[in-house]
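Below is one structure, written out as structure tokens, with a few remarks after it.
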Amino acid sequence: MRSLGLCLWIVVPSLLATPVLAHTGGVSGGFVGGFAHPLFGPDHVLAMVAVGLWGAFLGAPGIFILPIVFPLVMAFGGVLGILNVPLLGTEAAIAISAVVLGLMVALAARLPIWMASVVVGAFAIFHGYAHGAELPAGADAVAYCVGFVIATGLLHLSGIALGLTVRWPVGNIGVRGAGAAITCAGIVFLWRLA
Amino acid sequence: MSQAALLVIGLFALLTMDAAIAHAPFEGVGSFYGGLLHPLFVPTHVLAVVGTGLLMGRQAPRWRWFPPASYVAGLAVGFAAMVSAYAPQSAGAVLLAAAAASGALVALARPLPEILGCALALTTGLALALDSPPGGISVREANVILIGTFCGATILLLGVVALTIMLCREWQRIGVRILGSWIAASAIMGLTLRLTR
């Protein structure tokens, strides 16, 4: 029965999927375009992975609450971006998100879950805004958004998977080191913007 | 076969599946089967039905058979309207709004009144039917496509509900909530794009 359930979970999303093709001639339109879009922004990728890593230090329920909060708030930011509502300092805020979230991981910060949700949610608005503003006009709107959200969610889950290694001393050091590296990368992103 | 192997096969399938195109012609597929597969191949429909199904599954057994029955009733009324040549342009937007609401409620994971489920299910069924105009060249063929779509949409919902009810472990429940938040986020942005561009 468990295998049957897993098969169904696989078959249903498979019906939504489109081919993963290298050299598609540009990232625009449809599921593939939406899926690829977040993956081409290193600042976005690092911040999303950091969200998952941080969740590992927060423990349950934080490890799972953050990946639930982020997409919902990101969608709100995406709406602001699609509507072209002015939001200053978006790129800087995204770079700062990598710095701050990386620092939280490096310090193994254990904030209350509501405070962690506020921090992550605040940055999610800027990430969503940037992606919403860059959505191609000719895209298949829903398929694009589904791909975009799934890619972002999978980055969170990747971070969580890596973060689960904190139960071992070596893993703990490795994850905190990854957080420090993300912070450094964020500082580089900020420096490039200056 | 281990679950890990199944997962690998599934992820490979995700990377190799062909594009799911809204209202695809399904060349080589009969009218009934074209209609049957239709809800599975339109992203808006999948989002709405899966979102509604997850919500019903998560609220079971508090919610009984009224929400699924409302969904089927909505489908029936919508297809009856479709036969009467009524096909509003806004049905897709309503479907996305219903998907956003269902997904958000799944992510919220709170006990909800059954009447809310009935209203959401009725809206989803009605909007899905009105957003599925048949491409048949004859009245008979169009009716066969509509019957196929009715069956496909019903089977998809009941399948998702049954599957969700089976997911009892804590990590599975959390996975359902995460999936709900993904559905809500996709639907909210898709709805905004559809309304503004």
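Note that the protein sequences, when read in sequence, are chains A and B. Quick note on the numbering used here: the first sequence kicks off at 1 and runs consecutively. Quick note on the numbering used here: the second sequence kicks off at 1001 and runs consecutively. Every residue gets a Cβ at the ideal spot worked out from N, C-alpha and C, and that includes glycine.
Nearest-angstrom Cβ-Cβ length linking S1031/B and G1148/B, presumed shorter than 8 Å: About 7 Å; that satisfies the 8 Å criterion.
Where C1168/B sits in the DSSP three-state scheme: If DSSP states are grouped into helix, strand and coil, C1168/B belongs with coil.
Interface residues of chain A facing A1093/B [CB-CB closer than 8 Å]: Chain-order list of chain A residues neighbouring A1093/B: empty, with the shortest C-beta distance near 11 Å, by a criterion of under 8 Å.
Contact residues within the segment 60 to 85 of chain A, judged by C-beta distance below 7 Å to chain B: Considering only beta carbons, the part of the segment 60 to 85 of chain A lying closer than 7 Å to chain B consists of F64, P67, I68, P71, L72, M74, A75, G78, V79, I82, L83, in chain order.
Contact with chain B by V119/A, beta-carbon distance below 9 Å: No, no contact with chain B.
Beta carbon proximity, A1107/B to chain A, threshold 9 Å: Taking Cβ atoms only, chain A reaches closer than 9 Å to A1107/B, which makes this a yes.
Cβ of R1194/B within 9 Å of any chain A Cβ: R1194/B counts as touching chain A.
Residue-level contact to chain B via CB, V100/A, 9 Å cutoff: Not flagged as an interface residue toward chain B: V100/A, since no C-beta distance is shorter than 9 Å.
8 Å contact criterion, which G128/A and G78/A should meet: CB distance rounded: Here G128/A really is in contact with G78/A; their C-beta atoms are around 4 Å apart, less than 8 Å.
Chain-ordered neighbours of I1174/B on chain A, where CB pairs are closer than 7 Å: Those are F64, listed as they occur along chain A.
Beta-carbon spacing of G179/A, P67/A below 9 Å: Cβ atoms of G179/A and P67/A: not closer than 9 Å.
Beta carbon proximity, P1043/B to chain A, threshold 9 Å: Taking Cβ atoms only, chain A reaches closer than 9 Å to P1043/B, which makes this a yes.
Cβ-Cβ distance between V149/A and W1063/B below 9 Å: With contacts defined as CB atoms closer than 9 Å, V149/A and W1063/B fail to qualify as a contacting pair.
Delimiting residues of the alpha helix (DSSP H) encompassing H37/A: Per DSSP, H37/A belongs to no alpha helix (DSSP H) and is neither H nor E.
Supposed close pair V105/A, W54/A - CB separation, criterion 8 Å: The pair is a contact, with the Cβ atoms about 5 Å apart (cut-off 8 Å).
Within-9 Å CB hit, G177/A to chain B: Taking Cβ atoms only, chain B never reaches closer than 9 Å to G177/A, which makes this a no.
Contacts that A143/A makes with chain B (C-beta to C-beta distance below 7 Å): Identification of chain B residues near A143/A by a Cβ-Cβ cut-off of 7 Å yields P1043, ordered along the chain.
Short CB-CB distance (under 9 Å) between V51/A and chain B: Cβ-Cβ to chain B under 9 Å: no for V51/A.
Per-residue contacts from I150/A into chain B (C-beta, under 9 Å): Within chain B, the residues near I150/A are W1182, S1186.
CB of T1154/B within 9 Å of CB of Y1071/B, strictly: Yes, the Cβ-Cβ distance between T1154/B and Y1071/B is below 9 Å.
Residue range of the alpha helix (DSSP H) that includes W114/A: W114/A -> alpha helix (DSSP H) spans 113 to 133.
9 Å Cβ cutoff met for R1194/B and V142/A: Contact: yes.
Backbone secondary structure at G1175/B - three-state DSSP: Under the three-state reduction of DSSP output, G1175/B falls in the helix class.
Expected contact under 8 Å - CB spacing of A1098/B and A1048/B to nearest Å: Sure, about 5 Å apart at Cβ, within 8 Å.
Sequence-distant residues of its chain with Cβ nearer than 8 Å to M1082/B (five each side left out): The residues are A1129, L1130, S1132, P1133, P1134, L1146.
Given R110/A as reference, the closest of P61/A, I125/A, A161/A once Cα atoms are compared: Of the candidates P61/A, I125/A, A161/A, P61/A places its Cα closest to the Cα of R110/A.
Residue-chain proximity (L107/A, chain B), Cβ-Cβ < 9 Å: At least 9 Å separates the CB of L107/A from every CB of chain B.
Chain-ordered neighbours of I1115/B on chain A, where CB pairs are closer than 9 Å: Neighbours of I1115/B on chain A: none; closest Cβ ~24 Å, over 9 Å.
9 Å Cβ cutoff, M1189/B in contact with chain A: Yes - at least one Cβ of chain A is within 9 Å of the one on M1189/B.
Inter-residue spacing [alpha-carbon to alpha-carbon] between T1123/B and A1085/B: The alpha-carbon atoms of T1123/B and A1085/B are separated by roughly 19 Å.
Under the three-state DSSP convention, the category Q1089/B falls into: Coil.
Beta-carbon neighbours of L1047/B, restricted to chain A and to distances below 8 Å: Simply V142, V146.
CB contact check: A1279/B to chain A, cutoff 9 Å: Outside the shown range of chain B (1001 to 1197) lies residue 1279/B, about which nothing can therefore be said.
Residue interval of the alpha helix (DSSP H) (run including G1135/B): Counting along the chain, G1135/B sits inside no alpha helix (DSSP H), nor does DSSP assign it H or E at all.
S1090/B classed as buried or exposed, judged by whether at least 16 other C-beta atoms fall within 10 angstroms: Exposed, since its Cβ has fewer than 16 Cβ neighbours within 10 Å.
Nearest candidate by alpha-carbon position, reference T1052/B, set V1077/B, G1035/B, G1125/B: The option with the nearest alpha carbon to T1052/B is G1125/B.
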